[in-house]
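Numbering (the working numbering), first residue to last: 6 to 317. Let me begin by presenting the structure, written as structure tokens, before commenting on it.
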Amino acid sequence: MHPLLRYTLDLFESLGSAPPAQAAPVVPPARAPRRAAKPDVSQSITPSASAADVSIDAGFTHPQATRSLRLQGVQVAFSLVRARRRSIGMRIGPDGLSVRAPRWTSLLEIDQVLLARAQWIVRKLHESREQHAHLQQTRIDWCDGAVFPYLGGLLRLRLDPSHGFSAVGAALVEAQGMQDGPLLRELRIALPAEASAAQIRDATQAWLMRQAKALFEERLNHFAPQLQVRWTRLSLSNADKRWGSAKSDGSIRLNWRLMHFELPVIDYVVAHELSHLRVMSHSPHFWQTVGSVMPDYPQRREKLKDPTAPLW
6 MHPLLRYTLD LFESLGSAPP AQAAPVVPPA RAPRRAAKPD VSQSITPSAS AADVSIDAGF
66 THPQATRSLR LQGVQVAFSL VRARRRSIGM RIGPDGLSVR APRWTSLLEI DQVLLARAQW
126 IVRKLHESRE QHAHLQQTRI DWCDGAVFPY LGGLLRLRLD PSHGFSAVGA ALVEAQGMQD
186 GPLLRELRIA LPAEASAAQI RDATQAWLMR QAKALFEERL NHFAPQLQVR WTRLSLSNAD
246 KRWGSAKSDG SIRLNWRLMH FELPVIDYVV AHELSHLRVM SHSPHFWQTV GSVMPDYPQR
306 REKLKDPTAP LW
């Protein structure tokens with residue numbers, strides 16, 4: 006269809022639709038396109054809430070919203086982009102709902118697809134909002150006195166340029182616990198009081214990575230003989246959602262952010278990756294191999310899902 010004609014039709018459809026606070030009328034188009042639009046839904050979050058948990062009072066507005074629709078009692082302003090594609094696609098992320106549709110698809114058809122998936126869309130929008138709020142809570146404020154989890158405990162940052170550990174960047178010392186709180190250890194960093202947040206973050210990360218490499222090598226050497234395997238090389242990873250990987254040549258990659266977890270959880274990831282050097286799959290035989298050195302691995306694996314690792 007000619008772009009000018011499509012624009013004219015969309016203009017008349019918008020003028021004839023209900024007010025923004027109401028759902029657009031679901032009216033089948035006078036002439037269906039050659040290929041029926043099928044939802045091509047993609048998502049970037051993990052299900053965690055049921056539809057019964059969805060409030061009908063909250064609204065969602067995408068920063069680049071170009072159209073609004075009422076779904077399940079919730080006003081949803083979404084980004085709509087015309088693209089060279091054969092079906093309608095939806096994506097839900099921290100910004101809200103994004104919709105990509107073929108150039109020939111009418112606004113009424115797009116609304117029909119969204120109304121058909123309204124329950125799913127609103128539930129996912131709430132999940133994304135909750136996940137984003139949690140990530141903001143775990144974000145570290147990189148300044149003197151910041152606290153973050155370390156090996157199952159808490160570590161407090163202190164800027165201390167007067168000490169003689171500038172060659173290694175930082176030093177770990179014991180410290181008094183907060184009032185009515187847990188015992189803390191302090192990481193004293195050789196930076197001046199006026200250091201920027203980026204400088205403090207980078208110095209802390211460099212120290213954590215050094216600690217991670219030393220600890221991971223120790224734990225690999227501990228479990229490798231028990232599993233009768235030989236690892237050849239260790240490298241550190243910074244992946245968002247993957248804690249480790251292994252190759253048949255004996256090379257191991259482990260995420261340095263595992264240092265936020267307690268040692269039994271780190272040991273599980275180490276044993277998991279070493280077991281792949283014997284079984285390069287997640288078959289029952291693989292899990293038997295992990296269980297041969299770690300019978301309680303399911304409990305340790307479950308702790309990896311705890312929201313203890315802060316957002317860097």
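Positions of the beta carbon are idealized from the N, C-alpha and C atoms, including for glycine.
CA-to-CA distance, residue j to residue i, given in whole angstroms
i	j	result
residue 62	residue 110	Model confidence at residue 62 stands at a pLDDT of 44, short of 50, so the residue's coordinates are unreliable; what they give is reported in the following sentence. Their backbone Cα atoms lie some 30 Å apart in a straight line.
residue 258	residue 267	19 Å
residue 99	residue 134	7 Å
residue 163	residue 105	48 Å
residue 136	residue 144	12 Å
residue 307	residue 114	43 Å
residue 201	residue 208	11 Å
residue 92	residue 68	24 Å
residue 199	residue 206	14 Å
residue 297	residue 221	20 Å
residue 70	residue 317	29 Å
residue 287	residue 227	22 Å
residue 153	residue 273	22 Å
residue 122	residue 87	20 Å
residue 292	residue 251	15 Å
Other residues of its chain near residue i: CB distance less than 8 Å, five sequence neighbours each side excluded
i	result
residue 3	What is shown of the chain runs 6 to 317, which leaves residue 3 out entirely.
residue 225	236, 239, 257, 275 and 279
residue 130	65, 79, 81, 97, 101 and 102
residue 174	194, 195, 208, 211 and 212
Cβ neighbour criterion (16 or more within 10 Å) applied to residue i
i	result
residue 146	exposed
residue 219	exposed
residue 245	exposed
residue 301	exposed
residue 178	exposed
residue 158	exposed
residue 233	exposed
residue 247	exposed
residue 124	exposed
residue 203	exposed
residue 2	Past the edges of the chain, shown from 6 to 317, lies residue 2, and the structure says nothing about it.
residue 117	buried
Cutoff 7 Å; reference residue i; Cβ partners in own chain excluding five residues on either side
i	result
residue 277	249 and 295
residue 264	155, 156, 213, 216 and 217
residue 253	285
Per DSSP, cross-strand counterpart(s) of residue i
i	result
residue 81	65 and 74
residue 160	153 and 190
residue 87	106
residue 97	102
Beta-carbon gap between residue i and residue j smaller than 8 Å
i	j	result
residue 212	residue 192	yes
residue 128	residue 107	no
Neighbourhood of residue i by C-beta, 6 Å cutoff - its chain only, sequence neighbours within 5 removed
i	result
residue 151	145 and 162
residue 242	258 and 260
residue 303	none
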